[in-house]
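Worksheet: the structure to be examined is printed underneath.
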């Protein structure tokens, strides 16, 4: 099946509160726009919180009855969110009969693998970092514990049972080959890039840019670097701040 010429119905499973203006949400959003531009239909199944976007089909889970406030990242409550997500994804998949399942992160890929097997369709796994690595960074797992080894085996199984894996960097591809024994033929680097249709300084006059700098209190001669991502130590934000101070 030629994805560039045959319109497909793609079910994306996003185990997060899509949409918010940071990190992986931007990747999901931009991938969706790119697929729609190629003529494909994209349905996103996600948690009940998040912002709806014009032109994007978002199907949300029901809210949990006991935990209406939650944060992104590993937690015991997230297991319940993912059970709700799996049920919602099953209902949507059964009704919509997608041609491809596109699972974001390991939870989305695990749910997607079950659905892909039920519907006999391919699974694409969008890899956004190591599951066990993130859980250790959040303090949810200890590297020397029995649970860590179990989760690591589960992560390896998920990685080895996707039809194709999209990675956001060459480093991620190397990690999957080295640590999880994923065949190179299954790995497709798809780097995060800047949307040059949206981020175009030439759309604004010099006077407009100078006025915006003044409004934000940024000196006219100061180099400007914009970070788009989740502000947390496990994302390396503290290193970025120290580097910026050293380069000042």
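Numbering (our numbering), first residue to last: 1 to 248. Ideal Cβ placement from N, Cα and C applies to all residues, glycine included.
To the nearest angstrom, how far is the alpha carbon of residue 246 from that of residue 20? The residue you call residue 246 lines up with position 246 of the chain shown. The residue you call residue 20 lines up with position 20 of the chain shown. So the alpha carbons of these two residues sit roughly 31 Å apart.
Could you pull the start and end residues of the alpha helix (DSSP H) that residue 46 belongs to? The count along the chain shown starts at 1 and reaches residue 46 at position 46. Not the alpha helix (DSSP H): residue 46 falls in the beta strand (DSSP E), residues 41 to 46.
Here's the rule: buried if 16 or more other CB atoms are within 10 angstroms of the residue's CB, otherwise exposed. What is residue 66? On the chain shown, residue 66 is found 66 positions in, with the first residue counted as 1. Result: exposed.
In three-state terms, what does DSSP make of residue 224? Here residue 224 refers to the residue found at position 224 of the chain shown. If DSSP states are grouped into helix, strand and coil, residue 224 belongs with coil.
Under the assumption that residue 30 contacts residue 195 (Cβ atoms under 8 Å), give the Cβ distance between them as a whole number of angstroms. Counting from one through the chain shown, the residue named residue 30 turns up at place 30. Counting from one through the chain shown, the residue named residue 195 turns up at place 195. Residue 30 to residue 195, Cβ: 6 Å. Contact.
Determine the closest residue to residue 100 out of 77, 210, 124, 60, with distance taken between C-alpha atoms. For this step, residue 100 is matched to residue 100 along the chain shown. Residue 100 has its Cα closest to that of 124, out of 77, 210, 124, 60.
How about residue 13 and residue 129: do their beta carbons lie closer than 7 Å? Against the chain shown, residue 13 aligns to sequence position 13. Against the chain shown, residue 129 aligns to sequence position 129. Result no, Cβ atoms of residue 13 and residue 129 do not sit closer than 7 Å.
Below 7 Å between beta carbons: does that hold for residue 127 and residue 172? Counting from one through the chain shown, the residue named residue 127 turns up at place 127. Counting from one through the chain shown, the residue named residue 172 turns up at place 172. Their beta carbons are under 7 Å apart, which means residue 127 touches residue 172 by this criterion.
Roughly how many angstroms separate the alpha carbons of residue 51 and residue 190, rounded to a whole number? Taking the chain shown and counting its residues from 1, the one referred to as residue 51 is at position 51. Taking the chain shown and counting its residues from 1, the one referred to as residue 190 is at position 190. Rounded to the nearest angstrom, the two C-alpha atoms are 25 Å apart.
Local Cβ density within 10 Å of residue 205, reported as buried at 16 or more and exposed below that: Residue 205 sits at position 205 when you count from the first residue of the chain shown. Per the 10 Å Cβ criterion, exposed.
Within the continuous alpha helix (DSSP H) that includes residue 192, where are the two ends? Locating residue 192 in the chain shown gives position 192, where the first residue counts as 1. Taken as a continuous stretch (DSSP letters only), residue 192 belongs to no alpha helix (DSSP H), as it is neither H nor E.
I think residue 111 touches residue 85, with their Cβ atoms under 8 Å apart; what is that distance to the nearest whole Å? Numbered from 1 along the chain shown, position 111 holds the residue referred to as residue 111. Numbered from 1 along the chain shown, position 85 holds the residue referred to as residue 85. Rounded, the Cβ-Cβ distance is 6 Å, consistent with contact.
When the distance is taken between beta carbons, is residue 105 closer than 7 Å to residue 15? Residue mapping note: residue 15 aligns to position 15 of the chain shown, counting from 1. Residue mapping note: residue 105 aligns to position 105 of the chain shown, counting from 1. Cβ atoms of residue 15 and residue 105: closer than 7 Å.
Under the three-state reduction of DSSP, which class applies to residue 85: helix, strand or coil? For the purposes of this step, residue 85 is taken as the residue at position 85 of the chain shown. Three-state DSSP puts residue 85 in a helix.
Rounding to the nearest angstrom, what Cα-Cα distance links residue 164 and residue 188 in this structure? Looking up residue 164 in the chain shown gives position 164. Looking up residue 188 in the chain shown gives position 188. Straight-line Cα distance between these residues: approximately 7 Å.
In whole angstroms, what is the alpha-carbon distance linking residue 212 and residue 202? As a first step, residue 212 is located in the chain shown; it is residue number 212 there, counting from the start. As a first step, residue 202 is located in the chain shown; it is residue number 202 there, counting from the start. Their backbone Cα atoms lie some 14 Å apart in a straight line.
Buried/exposed call for residue 239, threshold 16 Cβ in 10 Å: As a working note, residue 239 is residue 239 in the chain shown. Its Cβ having fewer than 16 others within 10 Å, residue 239 is exposed.
Rounded C-beta distance between residue 9 and residue 41? I'm assuming under 8 Å. Here the question's residue 9 lines up with position 9 in the chain shown. Here the question's residue 41 lines up with position 41 in the chain shown. That pair is a contact at about 5 Å.
What's the gap between the Cα of residue 2 and the Cα of residue 116? Working through the chain shown from its first residue, we reach residue 2 at position 2. Working through the chain shown from its first residue, we reach residue 116 at position 116. The pLDDT assigned to residue 2 is 47, lower than 50, so where the model puts this residue is not dependable; a value taken from the coordinates is nonetheless given after this. Approximately 19 Å, taken between the alpha carbons.
Are there 16 or more other CB atoms within 10 angstroms of the CB of residue 184, so buried, or fewer, so exposed? For the purposes of this step, residue 184 is taken as the residue at position 184 of the chain shown. Residue 184 comes out exposed.
Using the Cα positions of residue 156 and residue 176, report the straight-line distance between them to the nearest angstrom. Taking the chain shown and counting its residues from 1, one reaches residue 156 at position 156. Taking the chain shown and counting its residues from 1, one reaches residue 176 at position 176. The straight-line gap from Cα to Cα measures roughly 9 Å.
Would you list, in sequence order, the uninterrupted alpha helix (DSSP H) runs of no fewer than 4 residues that lie entirely inside the region 75 to 140? 76 to 96, 105 to 119, 131 to 137
List the whole-angstrom C-beta distance separating residue 61 from residue 17, where the pair is believed to meet the contact cut-off of C-beta under 8 Å. By one-based count along the chain shown, residue 61 stands at place 61. By one-based count along the chain shown, residue 17 stands at place 17. In fact, because the Cβ distance is near 10 Å, the residues do not count as touching under 8 Å.
So, residue 229 versus residue 23, is the Cβ gap smaller than 7 Å? As a position in the chain shown, residue 229 is number 229, starting the count at 1. As a position in the chain shown, residue 23 is number 23, starting the count at 1. Result yes, Cβ atoms of residue 229 and residue 23 sit closer than 7 Å.
Residue 122 to residue 94 span [Cα, whole Å]: The residue given as residue 122 occupies position 122 in the chain shown. The residue given as residue 94 occupies position 94 in the chain shown. Spanning the two alpha carbons is a distance of roughly 15 Å.
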